[in-house]
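Below: one structure, written as structure tokens.
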Amino acid sequence: MKPIVSIIMGSTSDLPVMEKAAAFFDQMEIPFEMLALSAHRTPREVEEFASKAKDRGIKVIIAAAGMAAHLGGVIASLTSLPVIGVPIRSSFDGLDSLLAIVQMPPGIPVATVGVNGSLNAAILASQILATGNDQIASKIEAYKSSLTDKIVKANEELAKIEYKFKTN
Ligand code: RP5
56 MKPIVSIIMG
66 STSDLPVMEK
76 AAAFFDQMEI
86 PFEMLALSAH
96 RTPREVEEFA
106 SKAKDRGIKV
116 IIAAAGMAAH
126 LGGVIASLTS
136 LPVIGVPIRS
146 SFDGLDSLLA
156 IVQMPPGIPV
166 ATVGVNGSLN
176 AAILASQILA
186 TGNDQIASKI
196 EAYKSSLTDK
206 IVKANEELAK
216 IEYKFKTN
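If you read the sequence shown in my numbering, its first letter stands for residue 56, the second for the next number, and so on.
Here's what the structure looks like:
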């Protein structure tokens with residue numbers, strides 16, 4: 056299998072958060088790769104990865120990092136592929152990494168999800184892929200319908216709860 060998505064993380068300490076993204080790609084049957092690369096600890100390897108990702112067939116990159124989180128921005132500066140940043144909560148409740156990822160200068164966007172929002176990053180990456188792939192598009196549509204079903208069931212459960220002044 057050739058990967059079409061890269062999940063990059065600054066450290067394996069980010070893995071517990073990023074596992075949700077990996078599981079979602081498994082569910083969508085989208086081949087992906089996972090690599091640890093650090094903008095500060097392995098800058099040369101980050102450059103090597105980012106400059107070659109497109110030619111290797113990668114379509115979307117997810118970059119997760121905590122603290123002074125420059126990984127997504129550095130990757131985005133070296134590729135025309137869309138980059139989705141996941142701010143990891145490791146200090147200051149993740150506010151430091153959120154701001155470091157989201158506040159990119161004009162010209163080098165990093166689509167940023169919420170703190171520890173790896174599932175949303177994987178969903179967004181899949182939606183980007185779905186624009187050019189009907190199989191992925193129908194899987195995403197089925198996933199989105201399952202979210203509706205969840206709330207329909209929740210309302211059925213809530214309807215069973217009785218209170219003297221509850222009207223429904
Ligand atoms: C960042 O620093 C990593 O993405 C991680 O979130 C944080 C801490 O890294 P470790 O010291 O646990 O390797 O680069």
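Quick reminder that beta carbons are idealized off the backbone N, C-alpha and C, glycines included.
Values in this document were obtained by computation on a predicted structure and should not be read as measured data.
Quiz item: Is DSSP giving PHE79 helix, strand or coil here?
Solution: helix
Quiz prompt | Straight-line Cα distance separating MET83 from SER152 | solution = 28 Å
Exercise. Can you check the region 131-219 for any beta strand (DSSP E) of at least 3 residues that lies completely inside it and give the ranges in chain order?
Key: 138-143
Quiz item: Which residue from ALA176, PRO161, PRO160 puts its Cα closest to that of THR167?
Solution: ALA176
Quiz item: Which word fits LYS114, buried or exposed, when buried means at least 16 other C-beta atoms lie within 10 angstroms of its C-beta?
Solution: buried
Practice problem: Could you tell me how far apart the beta carbons of ILE117 and ILE62 are, in whole angstroms, since I believe they sit closer than 8 Å? | Solution: 5 Å
Quiz item: Under a Cβ-count criterion, where at least 16 other Cβ atoms within 10 Å of its own Cβ denotes burial, should ASN171 be classed as buried or exposed?
Solution: buried
Quiz item: In terms of alpha-carbon separation, which member of ILE163, SER145, GLY140 lies closest to ILE156?
Solution: GLY140
Quiz prompt | Reduced DSSP secondary structure (H/G/I, E/B, other) of GLU74 | solution = helix
Quiz item: Would you say VAL138 and GLY127 are within 7 Å of each other, going by their C-beta atoms?
Solution: yes
Quiz item: Span of the beta strand (DSSP E) holding SER61?
Solution: 60-64
Quiz item: Would you call ASP69 buried or exposed, if buried means 16 or more other Cβ atoms sit within 10 Å of its Cβ?
Solution: buried
Quiz prompt | ALA105 - containing alpha helix (DSSP H), residue span | solution = 98-107
Self-check item: Same chain, Cβ closer than 6 Å to MET64, five either side skipped, listed in chain order
Solution: MET73, ALA91, ALA119
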